[in-house]
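A.B. asks: Once you've had a glance at the structure underneath, I'll fire off some questions.
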Amino acid sequence: MSISGKIEELHASLPQGVTLVAVSKFHPVESLMEAYNAGQRVFGENRVQELLTKQEVLPKDIEWHMIGHLQTNKVRQIVPFVSMIQSVDSVRLIECINREAERIGRVVDILLEIHVAQEESKTGWNYEELVEYLQSEAMAELKNIRVRGVMGMATNTDDEAIVRSDFERLAECKNELAPRFGEEFDTLSMGMSEDYALAIECGSTMVRIGSSIFGHRNY
Ligand SMILES: *Cc1c(COP(=O)(O)O)cnc(C)c1O
């Protein structure tokens with residue numbers, strides 16, 4: 383199916399209250415424009431340089447989400463325009479985003495990326511460490527970030543029971559953390575091309591879909 387056909391199909395089929403993030407990493411701006419012209423406005427990228435290049439040439443009403451591992455020395459480049467940073471997984475990064483946002487008088491929406499998958503290599507907080515950090519109240523001092531919720535990825539496996547249990551765990555983390563934040567803590571970002579239907583069943587409010595919209599990536 384064409385990119386625009388796929389976007390239209392997703393817009394028609396995703397339940398109300400589930401936001402589609404079109405993950406456009408490694409795809410050319412022409413492909414993003416096709417999705418844009420089909421009505422898509424939220425795009426996710428995982429590398430700062432690529433995000434900057436695309437943001438510069440594409441329409442200004444696009445909401446850019448950073449979804450990949452972010453180094454603190456690159457935060458300054460994206461803070462002026464990024465709509466949400468989903469991949470926030472360390473105290474250092476949180477403090478850096480807050481500092482850079484304060485410098486330019488912005489409040490930046492972030493998600494806390496939590497590690498639940500079985501693979502060692504995946505990024506994200508260890509949940510217990512995150513809770514410990516939140517108990518320190520240090521985050522309450524940070525006025526230029528707005529914590530909107532939780533992001534995560536399931537184990538990369540065909541075993542649906544494992545994927546479901548990872549998603550359920552993420553939903554549980556989100557529910558446990560919610561009382562520490564305000565009403566704006568409303569986002570559970572989970573689900574990709576292969577597993578988004580299951581993620582929605584488990585409570586996802588934001589799906590990040592790449593290859594099933596844009597086709598396979600040539601790394
Ligand atoms: C690439 C990527 C996706 C999209 O994956 P697809 O399988 O192509 O849908 C979602 N989330 C993150 C964090 C990614 O890096």
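Here the working numbering is used: the first residue of the sequence shown is 383, the next is one more, and so on.
Note that the Cβ used here is the ideal one computed from N, Cα and C, for glycine as well.
Quick caveat, the model's predicted, so the values are computed rather than measured.
1. Quick one: Cα of Val545 to Cα of Asn538, how far?
2. If you run the structure through DSSP and keep just helix, strand and coil, what is Asp471?
3. Of all residues in the structure, which have a C-beta closer than 5 angstroms to any heavy atom of ligand 1, taken in chain order?
4. According to DSSP, is Thr435 helix, strand or coil?
5. When DSSP labels each residue in this structure, what does Ala536 get in the three-state scheme?
6. Would DSSP call His447 helix, strand or coil?
7. With DSSP collapsed to three states, give me the class of Phe463.
8. Measure the C-alpha to C-alpha separation of Val405 and His497 and round it to an integer number of angstroms.
9. Confirm, please, whether the CB-CB distance from His447 to Thr505 is below 8 angstroms.
10. Measuring CA to CA, which of Gly426, Glu427, Asn480 and Glu576 is closest to Ala520?
11. Exposed or buried, what is Thr435 when buried is set at 16 or more other beta-carbons lying within 10 Å of its beta-carbon?
12. Taking a contact to mean a Cβ-Cβ separation below 8 angstroms, would you say Met572 touches Gln468 in this structure?
C.D. replies: Let's see:
1. 8 angstroms
2. Three-state DSSP puts Asp471 in coil, outside helix and strand.
3. That gives Val405, Asn428, Ile449, Met574, Ser575, Arg590, Ile591, Gly592 and Ser593.
4. helix
5. The answer is coil: DSSP assigns Ala536 none of H, G, I, E or B.
6. DSSP places His447 within a strand segment (E or B) once states are collapsed to three.
7. Secondary structure of Phe463 (DSSP, three-state): coil.
8. One C-alpha to the other measures close to 20 angstroms.
9. no
10. Asn480
11. exposed
12. no
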